[in-house]
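There are 2 protein chains.
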Amino acid sequence: MTPVKPRWLNAEQQRIWRSFLNGVARINERLDAELRSFGLDLGEYEILVHLSEADRHMLRMSDLAERVRQSRSRLTHTISRMESKGLVSRVACPSDRRGVNAIMTEMGYQLLVKAAPSHVDSVRRALVDRVDPADFEALGRAMEAVVRDPD
Amino acid sequence: MTPVKPRWLNAEQQRIWRSFLNGVARINERLDAELRSFGLDLGEYEILVHLSEADRHMLRMSDLAERVRQSRSRLTHTISRMESKGLVSRVACPSDRRGVNAIMTEMGYQLLVKAAPSHVDSVRRALVDRVDPADFEALGRAMEAVVRDPD
DNA sequence: GACAGGTTGTTGAACCGTAAACTAAACTGA
DNA sequence: TCAGTTTAGTTTACGGTTCAACAACCTGTC
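Protein chains in written order, with my numbering: chain S, 1 to 151; chain G, 1001 to 1151.
The following block contains the structure:
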C-alpha cells in the first residue's frame, strides 16, 4: 500500500521555500531594472551572451533556444524583435536547408560590451556579494542537483 | 579614485550563477506544469494560499499585491479573472472607501485544498527532496540575505 | 476647511509569451 | 524509391503582463 497522505513541508522547509520565491523575484527585479537602461531584458541579454561565446558569433536557432531555455516559438519572436533593432541577423544554414543561424551584429556586440560590466555588477549586488561564500557554493550544488538528470 | 574596472565573476562564480538561472527555470517549469492540471498558475495559487492564511480569508488588494509580489495592476487583472472563475470575490472596504478586499470563495478554498497536496509534492520533487539538507538550509540563508534590507 | 500631495485601485493599449497549426526539409526503412 | 515520420522554424490567435493615465479618496498643514 502506497502512502496517500501528502508529505507537507515542515515549518523550516516552508520558510526556506518562501524565501526562495521571494529571493528569486527580488533578483529578477533588480537585474531587469538595470538592463532596461540598455533597452534589454534578461532574455535578450542571455541571447547576446551565448552568441558572443559561439564560434563566429553564430548559433542555430534550435541550439540557441535550448541554451537560453526559450521555446522555439518564443525565440523566433525574440530574434525578430532583436533583428529589427539591429542587434542580430538571420542567415540561412548551408548544411541543413531547414536551418537558420542567428548571428550577432557588430552593433549587438557593442551593446553587450557596454551592458556587461553593469550587468555583472547587478549580479554581484543582487546575489553574489550579498551571500556568505560557503552558502553561495551550497546554492550552486543545490541548483546543480535541481538541473541534473531525470524528469 | 574609485575603481572603474568591473569586477567580473570568476569561473566558479559564473558556473554557479548559470546553474542558478537554469535551476530556477527548471523549478518554475515543473511547478507550472503540475498546477496547470488544476487550471491554475503559480501566481493564482499563491493568491489562494495567502488568502487562506488571512483572517476571514480576506485581504486588501494592495496588501495582497505586496505579499504575492505582483504589481497592483497585475493583481487587478488576475483577481478579475479569478472572480469570473468563481474563486474569489471583491468586497468594498468599510474603513477606507478607496479600498477593496479580495475574499476567497468556498469554491476557491476547495480548489486550494484539492491542489495543495499535489503542489507540495511538486515542490519536493523539484527542489526539497533533490537537495542535500545542509545545502537546502544554506540556500535558505542565501535567499534571506537577498531579500534582507537595503535596495 | 481647503488645498497639496500621497495612496488605492482600475482601465485600456501596447507588448510579450504560449500553444497549436503549418510549411519545408531531412531522415527511415521496406 | 517513396510513404511515413521526425525535425526546424515560422505563423497566427489568444491570453497575460506592463505601462501610463486616471478617478476617487485620504492625510497633513497652513
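All residues carry an ideal CB built from backbone N, CA and C; glycine is no exception. Nothing here was measured: the structure is a model prediction, and the numbers come from that model.
- Against chain S, the CB of F1020(G) has a partner CB under 9 angstroms away; the residue lies at that interface.
- Using a Cβ-Cβ cut-off of 9 angstroms, Q1013(G) counts as an interface residue toward chain S, since at least one Cβ of chain S sits closer than that to its own.
- About 7 angstroms separates the beta carbon of L1059(G) from that of H1050(G), a gap short enough to meet the 8 angstroms contact definition.
- Neighbourhood of V131(S) in chain G, by CB distance below 8 angstroms: R1141, A1142, A1145 and V1146, in chain order.
- Straight-line spacing of the CA atoms in D1132(G) and A142(S) works out to 7 angstroms.
- Chain-order list of chain S residues neighbouring V1113(G): empty, with the shortest C-beta distance near 11 angstroms, by a criterion of under 7 angstroms.
- Restricting attention to S1122(G), A1134(G) and L1127(G), the CA atom closest to the CA of E1034(G) is found in S1122(G).
- Contact of I1103(G) with chain S is not assigned, every C-beta pair being separated by 9 angstroms or more.
- Taking C-alpha positions only, R1081(G) is separated from S1037(G) by approximately 17 angstroms.
- Contact annotation: the segment 1094-1106 of chain G does not touch the segment 108-119 of chain S, with fewer than three C-beta pairs closer than 8 angstroms.
- Here S1019(G) is buried, its C-beta having at least 16 other C-beta atoms within 10 Å.
- In this chain, the alpha helix (DSSP H) harbouring L1075(G) covers R1072 to S1084.
- Annotation for L127(S): no beta strand (DSSP E) segment contains it, and DSSP assigns it neither H nor E.
- Considering only beta carbons, the part of the segment 1037-1067 of chain G lying closer than 9 angstroms to chain S consists of L1042 and E1046, in chain order.
- The three-state reading of DSSP puts L40(S) in coil, since its state is none of H, G, I, E or B.
- Closest option to N1022(G), judged by alpha-carbon separation, among E46(S), H77(S) and H119(S): E46(S).
- The continuous alpha helix (DSSP H) containing V147(S) extends over residues P133 to V147.
- Less than 9 angstroms separates the beta-carbon of V146(S) from that of L1127(G).
- In the structure shown, the three-state DSSP call for R1069(G) is coil.
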